Amino acid sequence: MKRVLYIAYYFPPSGGPGVQRSLKFVRYLPDHGWLPTVVTVDPRHAAWPAVDPTMLAEVPEQVLVRRTGSWDPYAAYARLKGKTKADSVGVGFAAGEKPGPFEWLARFVRANVFLPDARIGWVQSARKAVESLAEAHRYDAVVTSGPPHSSHLVGFHARRKLRLPWLADFRDPWSDLSYYDQLPFLPWSRAADRRLEAKVLTAADRVVTVSDAVAALLRKRGGSDVTVIPNGFDAADFEGVEPRRGDGFRLVYVGTMTEAQNPEAVWRAVAARRAAGQDIRVELVGAQDASVTASLEKCGLTDSVTRRAYVPHREAVAWMKGADLLLLSVPRTAEAGGILTGKVFEYLAAGPPILAVGPRESDLGQLLARSGAGSLVCHGDAEGAGALIDRHYAQPASGDPRDADYLARYSRPVLAGRLAEELNLISG
């Protein structure tokens, strides 16, 4: 069996959406002839958005996980603000609230000092761990997962110093990410960051990403050989999980909801139907931006909304399976047409019909139409959202028949096999 170093800042017991792709690759690569060794950050030094120890059980016993130290530039920021590191300054400052002077200064430092992102303090420790492991074992390739895109600098080091074939996996774009232009870059730092991006894209033996739209952005920035391996779902995550039921007709959203994702047209549609006597409840599982709360209040839905903080992944699956209608909202950003997050595919596997909000001409719209899993309306289309709610309210659990053969291509074991094929190509 070949061996691969897998570099991932977000790895169990880290929770959140950035974990699933790396975890599932690591879990299923051994079935395709590749044994990973994971290099990640020690939980004691990590700035993760959430912690979910239950996912540790999915890491195969034969997989070595090397956890390293990290210098977090925002630990001091967190202490000054009376927060934990996870609540301090994220990799991209994606929160929608307008920053105060202190937050603006922190963003300025992030943009102009800590390049390419706020996790740069992990890179040196990860490099040392890679060198130590390479002395003890023979490795055939290295994979880096970003964001944080500073992880790719570890891969660049392994490629240059250790001569390891390198595959860089981009779960999101780098300089074309939605919040990038909100950062207060100085001209020199923006140029330096884009040089780093180009260096990574041109030095990697293979670049992999999650959608055709993101692949096009990466090619524009210098990635000549970009392969698409989409996100997916693991059927094993849904086996034996009892649906989380509740009263009334339940519109369920699982995950973080930012200001750019706030589907106010859906809230208006729900409010109108509740006023007409329909028993519709909104259930939000995960963190929401303050603007979402304000929008719900404006629509008079405060008393009909149930909120849950971050829950373990298995519990999140139970919420998905128990919904009458799953709500999905794509951010209102320039690259929205190409967004296909891991949650999209978990919704596909969960079973209930999906009400998605986003651009009509999009990868998501095509996926829903092809799979038969749900329907999409544009942001602002309260009439369209209301019509879909009416349809499913009248016939709970109704939806178009799903194309099982089509969905099978998004199985995590199948996708791990595709990653193994890419590793075989670059390792010889």
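In terms of this note's numbering, the sequence shown opens at residue 84 and continues consecutively. C-beta atoms are modelled at their ideal positions from N, C-alpha and C, and glycine is treated no differently. Everything numeric in this text was worked out from a predicted model, so none of it was measured.
Residue i: first and last residue of the uninterrupted beta strand (DSSP E) it sits in
i: Y336; result: 332–337
i: W249; result: 249–253
i: I90; result: 85–91
CA-to-CA distance, residue j to residue i, given in whole angstroms
i: G323; j: V400; result: 11 angstroms
i: P395; j: E380; result: 28 angstroms
i: D362; j: H462; result: 24 angstroms
i: L198; j: S233; result: 8 angstroms
i: R328; j: L410; result: 16 angstroms
i: V102; j: R202; result: 16 angstroms
i: G331; j: A432; result: 23 angstroms
i: A178; j: V213; result: Here A178 scores only 44 on pLDDT, less than 50, and its place in the model should not be relied on; the value that follows carries that caveat. If I take the Cα positions, the gap works out to 33 angstroms.
i: V497; j: I312; result: 10 angstroms
i: A241; j: S294; result: 26 angstroms
i: V413; j: L471; result: 17 angstroms
i: V192; j: V206; result: 18 angstroms
i: T123; j: L279; result: 21 angstroms
i: A392; j: E398; result: 11 angstroms
i: Y493; j: V121; result: 23 angstroms
i: A194; j: R221; result: 38 angstroms
i: R246; j: I509; result: 12 angstroms
i: P436; j: A456; result: 6 angstroms
i: K85; j: N507; result: 9 angstroms
i: S258; j: R351; result: 34 angstroms
i: D200; j: R190; result: 11 angstroms
i: V196; j: L301; result: 24 angstroms
i: F428; j: W271; result: 39 angstroms
i: M138; j: E144; result: 13 angstroms
i: L147; j: K244; result: 22 angstroms
i: S454; j: L490; result: 7 angstroms
i: V174; j: I422; result: Confidence is the limiting factor: at V174 the pLDDT is only 38, short of 50, which leaves the residue's position unreliable and the question unanswerable from this model.
i: G441; j: L408; result: 16 angstroms
i: V388; j: V365; result: 5 angstroms
i: A130; j: A91; result: 13 angstroms
i: P256; j: D386; result: 38 angstroms
i: V87; j: P95; result: 18 angstroms
i: D264; j: T416; result: 11 angstroms
i: D155; j: A140; result: 27 angstroms
i: A219; j: R104; result: 27 angstroms
i: A209; j: L216; result: 11 angstroms
Assumed close pair residue i, residue j - CB separation to whole angstroms, cut-off 8 angstroms
i: L93; j: V109; result: First, the amino acid is wrong: residue 93 is Tyr here, not Leu. Contact flag wrong, Cβ pair sits at about 12 angstroms.
i: A287; j: L250; result: 7 angstroms
i: E505; j: V225; result: Not quite, the Cβ-Cβ distance comes to about 13 angstroms (not below 8 angstroms), so this is no contact.
i: R443; j: L459; result: 7 angstroms
i: G98; j: A133; result: 4 angstroms
i: G500; j: H115; result: 5 angstroms
i: G420; j: A296; result: 6 angstroms
i: L284; j: R254; result: L284 to R254, Cβ: 15 angstroms. No contact.
i: V335; j: W402; result: 6 angstroms
i: G469; j: R356; result: 7 angstroms
i: A406; j: C382; result: Their Cβ separation, rounded to whole angstroms, is 20 angstroms, which puts A406 and C382 out of contact at 8 angstroms.
i: R495; j: K107; result: 4 angstroms
For residue i, the first and last residue of its enclosing alpha helix (DSSP H)
i: S208; result: 206–219
i: A503; result: 495–510
i: P100; result: 100–111
i: R243; result: 234–244
i: L490; result: 487–491
Cross-strand partners of residue i (DSSP beta bridge)
i: G229; result: F253
i: W117; result: K85
i: L147; result: T120
i: I224; result: First, the residue type needs correcting, since residue 224 is Ala and not Ile in the sequence shown. Per DSSP, V87.
i: S97; result: V134
Distance cut-off 8 angstroms: residue i Cβ against heavy atoms of the ligand ZN
i: A275; result: Ligands are entirely absent from the displayed structure, and the ligand ZN is therefore not among its contents.
request  = Just list the beta strand (DSSP E) runs in the region 431–472, keeping only unbroken ones of 3 residues or longer that don't cross its boundaries, in chain order.
outcome  = 437–440, 457–460
- Secondary structure, beta strand (DSSP E): runs of 3+ residues fully inside the region 357–444: 363–368, 388–391, 408–412, 437–440
| request: Pick out the complete beta strand (DSSP E) segments inside the region 264–330, 3 residues or longer, and give them in chain order. | output: 289–292, 309–311
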